[in-house]
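Numbering (UniProt numbering), first residue to last: 1 to 98.
Glycine included, every Cβ here is placed at the ideal spot set by N, Cα and C.
Have a look at the structure below, then the notes.
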């Protein structure tokens, strides 16, 4: 079986908002007006399910990464605050020669 497909963005560049006339923009509108057969990336909402058929969700990614807010540098390092990594090392090493 040989299959071909075309990947394209919606003409208006939107995901899909309902207009006052009941039509949809973006990806939802493209599907609603049968200009496309399916979409791979569209969030399921109650409003969209009224005009589209969604398949079962196969992957649900609910991972979040949290970290502590960084503490400010000690005041004695404030001179080097604008520099990072190698720049601050070079500055420290060259200071005795100034």
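Measuring CB atoms only, is the region 63-72 touching the region 40-53, in the sense that at least three cross pairs come out at less than 8 Å?
At 8 Å Cβ cutoff, the stretches do not touch.
Select from 17, 54, 41 the residue whose C-alpha is nearest the C-alpha of residue 8.
For the purposes of this step, residue 8 is identified with residue 8 of the chain shown, where counting begins at 1. The shortest C-alpha separation from residue 8 is found at 41.
CB residue 30 to CB residue 15, shorter than 8 Å?
Counted from its first residue, the chain shown places residue 30 at position 30. Counted from its first residue, the chain shown places residue 15 at position 15. Against a cut-off of 8 Å, the Cβ pair of residue 15 and residue 30 comes out as no contact.
Classify residue 71 as helix, strand or coil using the three-state DSSP reduction.
In the chain shown, the residue the question calls residue 71 occupies position 71. In this structure, residue 71 counts as coil in the three-state DSSP scheme.
Rounded to the nearest angstrom, what separates residue 95 and residue 44 at their Cα positions?
For the purposes of this step, residue 95 is taken as residue 95 along the chain shown, with counting starting at 1. For the purposes of this step, residue 44 is taken as residue 44 along the chain shown, with counting starting at 1. Approximately 60 Å, taken between the alpha carbons.
My output table needs one value for residue 18: the three-state DSSP class, helix, strand or coil.
Your numbering for residue 18 matches position 18 in the chain shown. Three-state result, residue 18: strand.
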